[in-house]
Amino acid sequence: MEAVYVKEEQLRSYCERAFKKYGFNEQDSKTITDVLVAADMYGIETHGSQRLEMYRQHIQKGYIEVGAQPSVAFETGISAVVDGNRAMGQVVSKYAMDIAIEKAKKSGIGMVTVRNSNHYGIAGYYSNMASEQGMIGISMTNSFPVVVPTFGRKPMMGTNPIAVSIPAKPNTFYFDVATSVAALGKVEVRNKKGVDLPVGWGVNEEGKDEVNPQHLFDNVMNREGGMHPVGGSSQLFGSHKGYGFSLLVEFLTGVLSNGVTSNHTEEDGIMGVCHYFMAIDPKVFGDPEAITEKWSTYLQELRDSEKAYGQDRIYTHGEKEAEKEEAYKKSGVPILPKTIEEMKNLANQLGMDFGIDA
Ligand SMILES: NC(=O)c1ccc[n+]([C@@H]2O[C@H](COP(=O)([O-])OP(=O)(O)OC[C@H]3O[C@@H](n4cnc5c(N)ncnc54)[C@H](O)[C@@H]3O)[C@@H](O)[C@H]2O)c1
Ligand SMILES: O=C(O)C[C@H](O)C(=O)O
1 MEAVYVKEEQ
11 LRSYCERAFK
21 KYGFNEQDSK
31 TITDVLVAAD
41 MYGIETHGSQ
51 RLEMYRQHIQ
61 KGYIEVGAQP
71 SVAFETGISA
81 VVDGNRAMGQ
91 VVSKYAMDIA
101 IEKAKKSGIG
111 MVTVRNSNHY
121 GIAGYYSNMA
131 SEQGMIGISM
141 TNSFPVVVPT
151 FGRKPMMGTN
161 PIAVSIPAKP
171 NTFYFDVATS
181 VAALGKVEVR
191 NKKGVDLPVG
201 WGVNEEGKDE
211 VNPQHLFDNV
221 MNREGGMHPV
231 GGSSQLFGSH
241 KGYGFSLLVE
251 FLTGVLSNGV
261 TSNHTEEDGI
271 MGVCHYFMAI
281 DPKVFGDPEA
291 ITEKWSTYLQ
301 ELRDSEKAYG
311 QDRIYTHGEK
321 EAEKEEAYKK
331 SGVPILPKTI
341 EEMKNLANQL
351 GMDFGIDA
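Just so you know, the UniProt record's numbering puts 242 at position 242 of the sequence shown, and the rest follows in order with no gaps.
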């Protein structure tokens with residue numbers, strides 16, 4: 001299945017125009033697009049333009065209130081609780097991370113929890129907002145229930161990503177992962193590609209292994225089966241550790257914000273997703289330059305260390321994204337033909353030009 005290479009500007013223009021057609025103002029359309037295109041440029045094909053249709057469905061279901069804006073519900077010098085007021089997740093999250101960064105500039109640290117929000121895209125976009133200002137950034141979100149507890153078969157947690165961005169040379173350390181064995185988006189993309197899932201990604205309604213991506217997706221939607229935490233189904237491979245990381249995210253997002261845990265999202269017609277953002281100014285620990293130097297040296301030592309049999313390269317987190325971004329600026333972003341078809345149909349339905357050479 002040959003991907004279609006789409007120029008960044010065309011993708012950006014397509015998304016902005018689509019979000020304006022959805023009813024968002026100019027500024028919000030730009031903010032949402034920036035998060036989606038960042039994912040595409042990083043090679044995170046699951047969370048870029050692939051998700052335009054999902055957001056439309058969330059608007060139609062009434063989860064996202066187009067035009068709504070977040071507000072601060074509670075605040076101290078180092079912390080805040082933001083009410084997302086059902087606004088678009090990207091709009092809420094940029095607002096909340098900006099507050100965390102401002103607090104970190106004044107007090108060294110800023111922590112913001114968010115309730116009553118919506119799906120925010122890639123977690124790492126927001127942690128990068130802090131690292132771009134020389135700070136350490138952390139971002140987490142819960143989601144609708146997708147992941148089963150170790151030894152369970154009913155989805156009780158979200159795929160709950162954790163992203164950490166730390167200034168480093170030559171690239172920012174960028175660790176951005178779901179606490180499930182994979183993001184649900186990877187099941188969607190495997191379905192589009194017609195590729196089975198590896199054993200250990202998920203269970204069906206009987207609690208047995210499920211390798212068909214469409215079946216697993218349907219199971220998740222019916223809340224009768226789901227994905228495993230990082231580590232898979234077996235405690236021998238650390239399922240209980242992924243489970244614990246996922247609960248950490250549930251606590252910091254859904255509980256600390258006085259919002260909802262993933263198993264109570266999508267109740268009463270509200271998505272209710274919750275987030276957590278943190279910015280730390282390294283100045284409160286000494287000389288930021290020296291810290292970056294030490295960290296960068298260690299990352300280089302890791303990359304230079306001895307390779308396993310059959311391997312010729314060790315990566316550190318963020319390297320792949322930096323390389324893809326550089327390559328895609330020249331080649332354009334590879335988009336799956338099925339996604340291109342969806343985008344064409346969407347443009348038709350919205351009555352706008354497709355505007356993409358494909
Ligand atoms: N909004 C939501 O509800 C939600 C939920 C789940 C996931 N997500 C997003 O989905 C995206 C994908 O998540 P995922 O769990 O599939 O991530 P993934 O498994 O693709 O891992 C990506 C991370 O691993 C690093 N990496 C990849 N190969 C590496 C290697 N060999 N050595 C060292 N580092 C390496 C990358 O630099 C990156 O930090 C993330 O951006 C995440 O934020 C969002
Ligand atoms: O699909 C979701 O809501 C969760 C997330 O984006 C994921 O891909 O796991």
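Every residue gets a Cβ at the ideal spot worked out from N, C-alpha and C, and that includes glycine.
Need the endpoints of the alpha helix (DSSP H) that residue i sits in, please.
i	result
N219	P213 to M221
P337	P337 to L350
G242	S239 to E250
residue 364	Outside the displayed span of the chain (1 to 358) sits residue 364, for which this structure offers no information.
M157	Segment: none, M157 is in no alpha helix (DSSP H) and carries neither H nor E.
M208	Note on identity: in this sequence residue 208 is Lys, with Met being the wrong assignment. Careful: K208 lies outside any alpha helix (DSSP H) and carries neither H nor E.
Y125	G124 to S131
E323	E319 to S331
Could you give the residue range of the beta strand (DSSP E) that holds residue i?
i	result
S117	I109 to S117
Y298	Looking at the DSSP string, Y298 is not in any beta strand (DSSP E); the run it does join, the alpha helix (DSSP H), is P288 to D304.
G137	I136 to T141
M278	V273 to I280
Should residue i be listed as close to ligand 2, given that the test is whether its C-beta is under 7 Å from any heavy atom?
i	result
V146	yes
E232	Reading off the sequence, residue 232 comes out as Gly, not Glu. No.
T46	yes
G185	yes
S262	no
T339	no
S143	yes
T33	no
Got a sec: does ligand 1 put a non-hydrogen atom nearer than 7 Å to the Cβ of residue i?
i	result
V177	yes
I122	yes
A279	no
Y315	yes
H119	yes
P155	no
Y14	no
P161	yes
G84	no
Y95	no
E289	no
E321	yes
residue 363	Lying before the first or after the last residue shown, residue 363 is absent from the chain, which here runs from 1 to 358.
Y22	no
N318	Note on residue identity: the sequence assigns Gly, not Asn, to residue 318. At least one heavy atom of ligand 1 is nearer than 7 Å to the Cβ of G318, so yes.
G310	no
Flag this pair as yes or no: are the beta carbons of residue i and residue j separated by less than 8 Å?
i	j	result
F277	S139	yes
V187	P213	yes
T316	F217	no
R86	A68	yes
N160	E250	yes
M227	V147	yes
C274	R115	yes
T253	N142	yes
I136	I166	yes
E319	N222	no
G158	S262	yes
K241	G231	yes
V6	I356	yes
N118	M88	yes
V72	T31	no
T179	S246	yes
L197	V220	no
Between residue i and chain D, is there a C-beta pair that is closer than 8 Å?
i	result
D304	Absent from the structure: chain D. Only one protein chain is present.
Count Cβ pairs between the stretch 106-123 and the stretch 79-87 that sit closer than 8 Å; are there 3 or more? yes
Per the contact definition of three or more C-beta pairs closer than 8 Å, is the stretch 128-138 in contact with the stretch 64-72? no
Counting Cβ pairs closer than 8 Å, one from the stretch 179-193 and one from the stretch 306-317, do we hit at least three? no
Threshold first: 3 residues or longer. Then list the beta strand (DSSP E) segments lying entirely within the stretch 13-95, N to C. 71-75 and 79-83
So within the stretch 161-195, which uninterrupted alpha helix (DSSP H) runs reach at least 4 residues, ignoring any that extend past its ends? 184-193
Using 8 Å as the cut-off, can you tell me whether the stretch 335-352 makes contact with the stretch 195-209, which would need three or more C-beta pairs spanning the two stretches below that distance? no
I want to know whether the stretch 141-156 touches the stretch 280-289 - three or more CB-CB distances under 8 Å. no
Below 8 Å, how does it come out for the stretch 37-52 and the stretch 321-328: are there three or more Cβ pairs, yes or no? yes
Kindly confirm or deny that the stretch 13-30 and the stretch 98-107 touch, where touching means at least three C-beta pairs closer than 8 Å. no
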